[in-house]
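Taking it in order: structure first as structure tokens, then the write-up.
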Amino acid sequence: MLFNSIHFLVYFPLVVMMYLMTPTRHRQILLLLASYYFYMAWIPEFALLMAFTTIVNFYAAKEIDRTTVIARRKFFLVSSLIINFGILFYFKYFNFFASSLSSILTREGEFQTLNIILPVGISFYTFQALSYTIDVYRSQSKSESSLIDFALYVSFFPQLVAGPIERYEHLTSQLKTLNNPSTDDIKEGIKLIIWGFFKKVVIADRLAIYVNSVFNNVEASNSISLVLATYLFSIQIFCDFSGYTDIARGTARFFGIRLMDNFNRPYFAKSVSEFWGRWHISLSTWFKDYVYIPLGGNKVSANRWFFNISCVFILSGLWHGANWTFIVWGALHAFYFLVERFFSQSPLADLKSNNFTTFLRILFTYHLVVFAWIFFRANSISDATLIINKIFTMSDFSFGALSAAILPFTSDNRAIAHLITAILLIIFMEVVHTLQEQKVKWFEESGNSRLAYISFSLLLVVTIFLGKFNENSFIYFQF
Amino acid sequence: MKTASSTFSSSWLIKHTLLGLGIIAILTGSVLLTKSHLSSYFAPTSYGIGGLLKVKEIDLLFIGSSHTRQSYNVALIEKKCNCKAYALAYSGMDPHLMYIYLSYLKTRNDLKIKKIVFEAYSFKLIADPSLSDSRIYSEAPFELKLKLLESISSNVPGMDFRKLFNLVVNENNESLIAAPVANYALDLVSYKGGYKNKVTGSLSEKEFSELHKVVSNKLKYIENDIQIQSLKKIQDLYNSTKIIFVDPPMPEPITHNAITSKAMIRYKEIIEGMGYKYLAPWYGLERARKPSNFQDWNHLSNIGRDIFSEEIVDKLALKSF
Chain B
273 MLFNSIHFLV
283 YFPLVVMMYL
293 MTPTRHRQIL
303 LLLASYYFYM
313 AWIPEFALLM
323 AFTTIVNFYA
333 AKEIDRTTVI
343 ARRKFFLVSS
353 LIINFGILFY
363 FKYFNFFASS
373 LSSILTREGE
383 FQTLNIILPV
393 GISFYTFQAL
403 SYTIDVYRSQ
413 SKSESSLIDF
423 ALYVSFFPQL
433 VAGPIERYEH
443 LTSQLKTLNN
453 PSTDDIKEGI
463 KLIIWGFFKK
473 VVIADRLAIY
483 VNSVFNNVEA
493 SNSISLVLAT
503 YLFSIQIFCD
513 FSGYTDIARG
523 TARFFGIRLM
533 DNFNRPYFAK
543 SVSEFWGRWH
553 ISLSTWFKDY
563 VYIPLGGNKV
573 SANRWFFNIS
583 CVFILSGLWH
593 GANWTFIVWG
603 ALHAFYFLVE
613 RFFSQSPLAD
623 LKSNNFTTFL
633 RILFTYHLVV
643 FAWIFFRANS
653 ISDATLIINK
663 IFTMSDFSFG
673 ALSAAILPFT
683 SDNRAIAHLI
693 TAILLIIFME
703 VVHTLQEQKV
713 KWFEESGNSR
723 LAYISFSLLL
733 VVTIFLGKFN
743 ENSFIYFQF
Chain Y
289 MKTASSTFSS
299 SWLIKHTLLG
309 LGIIAILTGS
319 VLLTKSHLSS
329 YFAPTSYGIG
339 GLLKVKEIDL
349 LFIGSSHTRQ
359 SYNVALIEKK
369 CNCKAYALAY
379 SGMDPHLMYI
389 YLSYLKTRND
399 LKIKKIVFEA
409 YSFKLIADPS
419 LSDSRIYSEA
429 PFELKLKLLE
439 SISSNVPGMD
449 FRKLFNLVVN
459 ENNESLIAAP
469 VANYALDLVS
479 YKGGYKNKVT
489 GSLSEKEFSE
499 LHKVVSNKLK
509 YIENDIQIQS
519 LKKIQDLYNS
529 TKIIFVDPPM
539 PEPITHNAIT
549 SKAMIRYKEI
559 IEGMGYKYLA
569 PWYGLERARK
579 PSNFQDWNHL
589 SNIGRDIFSE
599 EIVDKLALKS
609 F
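Protein sequence lines, in the order shown, are assigned to chains B and Y.
Heads up: take any position in the first sequence, counting from 1, add 272, and you land on the numbering used here.
Heads up: take any position in the second sequence, counting from 1, add 288, and you land on the numbering used here.
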């Protein structure tokens, strides 16, 4: 079920109403059923897969916790990892590796690909479930005694299909005591949902029209439209994913649950390493805690550290999708990271920081990230190289190309109006983000509650009038 | 007293839900009403209905779809016939919509139109009524919007609640927000509903020779009654001296096709049966076999447009204004 669907518009108030009417002790079961219903709205059979993952991790963790024999603990952890990654590999990576192997060995069709559909959110819930098993193995968590509570932890519908990837201790401690939400929860929930919808249906889906039109037709697109599409994609993916996270966090607040924030104005990062502390935070910290640190982190030789960083970023790229474009995207970020670390030890790093140099660093980092997005969004490596070639040679530049570049918005003379509107909306979003960052809570003060109503009602009305209600899926659902 | 972070009560929830919904309903209603009444004032002045209503007297009005916009060089025609012309053209305008537009224009006492050239695009006889360009609705004055809504909600297949919601609430708000800049930009490329010096590409010989593939063999000739009735109702609006039906030129591989030929013959039959004049000026002529005259399978190039515009003045004896 998509958040931006009529189905969800009916489903969510119903679940909230039923939740409030259900006695506290039965609320876990209600939310579990609601979550499975939510998931089964796509392909019902895949709920079995999620249930299987849940059961495997639940019992593996139980067995790990029950014994102090290291070999036995390791056995159950490794078994759980093999099963979880095996399922993930089968559904997400098998075809990719089979076809890649075929082309490497130049034996076309040697390895049969399978006709399989990727279960939505599989990477998210697998990682979330695995983090629990690993935490139990590391004795950072006790094993869960209730299968229902654990199943709810894996399947809690607001964050089921695109995160944030929550940690067991943080989420389950809240899911175990499902009280009525406070008025603050409801208010904050509504605000987050409206803001998330604004980012998704007003900005992301608007930009998607242009971005999809250009990236799906690279050959015919001119260099200026490719530049514009690349910049717009950077905004689209941020609004799409952070919009989803806001809606997820907002809906969870209706049950009194606080999910972690996944974004912190990533495009204002002053370095690539800072970017990764601000973008998809729950995934970055997952990789840090469960891949980077077990590999030795930075307390290793330079060569080993180089390997660790490359490994984490390439795996992160592969996590996003079974395509070479994602691997190159991850490798590119690893390269940025390593070069950045190299320069951080040079005399250049000692230069005094002021507003101007900070601005330059933000601008430079943003462009590095935008360049990498080309690989992330391109349909293939050859498309990505063609885009880069066209952008950097600008061989087709002309004033005619300049006006033709905006056409993919509507294919007619309304395109300029769409471009102007998109720019105004992006500026508006950034103004709001700046106010939020500076903790301007003028609409949250009790004396200004009417102002708060009007502000958020206006935002909702803007969303209704300027939203693109085509039930576009969220980009991160495919991962 | 309840604190800001207290557990909410059902009375709190009901009160605030109603208040929130009330504010949203009032705001949405106000914006919608304002938009419906005022959006026509933000319409471009060199294009569409907005531009037409700015002009008080028109000697010659071309009405139709993108064919009309692509087929007539308004400036050239004005010069040749020494008259005031205007092309009221929106993509996908069909007889069903053109009739609604003309019946509205008829009620406008402040607008004088001497002659109308009605686009007789033969394919439309077998097409379901549709609204492919939402500006047909959004740029229309309020009274015309009501007429359009009434008709399209019952006559356009698939026009469900969601599509109507999109049309009325959602579509073309960008044009309102960016009107000052967007309309200025449009003025640079438009002249009285037509293109201003637009240079288009032309079909290559190879592309032209493959045009016959465009018309699907699976296409069946099934007349649409709403389109035919709309054509027939034109009689209630204008007599035969006021309105002429012209099928804009199309490449010969398209017109020399069983379905198109049948539609053209039928169109002619209906129009002449009503006692009106029907013209398909390039049908069977050498010009329709020249790739450079066409931009794509059904639109003239700028070369073709200028040739056709020069000819049409003579053909329709438009010098008499």
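The beta-carbon is built from N, C-alpha and C at its ideal position, and this holds for glycine as well.
Under the DSSP definition of a beta bridge, which residues are partnered with Ala375 of chain Y?
Y:Phe350
Return the bridge partner residues of Tyr311 of chain B from the DSSP annotation.
Paired residues: none, contrary to the question.
Please go through the segment 295-359 of chain B and give each complete beta strand (DSSP E) segment of 3 or more residues, from N-terminal end onward.
none
Supposed close pair Phe487 of chain B, Asn367 of chain B - CB separation, criterion 8 Å:
That pair is no contact at about 22 Å.
Ile634 of chain B beta carbon less than 8 Å from that of Ala606 of chain B:
no
Can you name the residues of chain B whose CB is closer than 7 Å to the CB of Trp300 of chain Y?
Thr455
For Ser427 of chain B and Ile336 of chain B, which I take to be in contact (beta-carbon distance under 8 Å), what is that distance rounded to the nearest angstrom?
About 21 Å separates the two Cβ atoms, so there is no contact after all.
Of the residues B:Ser545, B:Cys511, B:Ile355 and B:Thr339, the one placed nearest Leu759 of chain B, counting alpha carbons only
Outside the displayed span of chain B (273 to 751) sits residue 759 of chain B, for which this structure offers no information.
Strictly under 8 Å for the Cβ-Cβ distance: is Ile532 of chain Y near chain D by that measure?
Annotation note: the requested chain D is absent from the structure, which comprises protein chains B and Y.
Three-state secondary structure assigned by DSSP to Ile532 of chain Y:
strand
Can you have a look at Arg530 of chain B and say buried or exposed, based on whether 16 or more other CB atoms are within 10 angstroms of its CB?
exposed
Bridge partners for Tyr479 of chain Y per DSSP, in chain order?
Y:Gly482
Enumerate in chain order the residues of its own chain whose CB-to-CB distance from Glu709 of chain B is below 6 Å, with the five nearest sequence positions on each side excluded.
none
Quick one, which of Y:Tyr566, Y:Gly572 and Y:Gly481 has its alpha-carbon nearest Val343 of chain Y's?
Y:Gly481
Note down, in chain order, all residues in the segment 662-690 of chain B with a beta-carbon under 8 Å from any beta-carbon belonging to chain Y.
Asp684, Asn685, Arg686, Ile688, Ala689 and His690
Excluding sequence positions up to five away, which residues of its chain have a Cβ less than 6 Å from the Cβ of Ala373 of chain Y?
Leu348, Val362, Ile365 and Glu366
Backbone secondary structure at Lys435 of chain Y - three-state DSSP:
helix
Expressed to the nearest angstrom, what Euclidean distance is found between the alpha-carbon atoms of His705 of chain B and Arg537 of chain B?
8 Å
Looking at C-alpha atoms only, which residue of Y:Lys550, Y:Val487 and Y:Lys530 is the closest neighbour of Leu604 of chain Y?
Y:Lys530
Would you mind sorting Phe753 of chain B into buried or exposed? The rule is 16 or more other CB atoms within 10 Å of its CB.
In the structure as shown, chain B starts at 273 and stops at 751, and residue 753 of chain B therefore has no counterpart that could be examined.
Whole angstroms are fine: how far does the CA of Pro332 of chain Y sit from the CA of Glu427 of chain Y?
8 Å
Cβ neighbours of Gly602 of chain B in the same chain (closer than 6 Å, five flanking residues each side left out)
Phe585, Ile586, Ser588 and Gly589
Just to check my reading of the structure: Leu376 of chain Y and Leu525 of chain Y have Cβ atoms closer than 8 Å, yes? What is that Cβ distance to the nearest angstrom?
The pair is not a contact, with the Cβ atoms about 15 Å apart (cut-off 8 Å).
In angstroms with no decimal places, state the Cα-to-Cα distance between Ile522 of chain Y and Gly563 of chain Y.
11 Å
Determine the direct distance from the alpha carbon of Ile388 of chain B to that of Ser372 of chain B, and round the result to whole angstroms.
17 Å
Strictly below 9 Å CB to CB, what residues from chain Y border Gly739 of chain B?
Asn458
Taking the straight line between their C-alpha atoms, what separation do you get for Met532 of chain B and Ala520 of chain B?
10 Å
Which full runs of the alpha helix (DSSP H) of 4+ residues lie inside the segment 483-534 of chain B, going along the chain?
495-525
For Ser411 of chain B and Phe330 of chain B, the rounded distance between their alpha carbons
15 Å
Leaving out five residues before and five after Ile475 of chain B in sequence, what residues of the same chain have Cβ atoms less than 6 Å from its Cβ?
Cys511 and Leu697
Residue of Y:Gly310, Y:Ile302 and Y:Ser299 minimising C-alpha distance to Tyr725 of chain B
Y:Gly310
Within chain B, partners of Gly308 of chain Y - CB distance below 7 Å:
Tyr725 and Ser729
Please list, in chain order, the chain B residues whose beta carbon lies closer than 7 Å to that of Asn461 of chain Y.
Phe737 and Leu738
Rounded straight-line distance, which links the Cα of Met701 of chain B to that of Ser718 of chain B:
Any reading at Ser718 of chain B must be qualified, since the residue scores a pLDDT of 48, below 50, and its modelled position is unreliable; no value is offered.
Among B:Val433, B:Leu377, B:Leu402 and B:Leu419, which residue has its Cα nearest to the Cα of Pro391 of chain B?
B:Val433
Test item: CB-CB of Ile558 of chain Y and Asn581 of chain Y under 8 Å:
no
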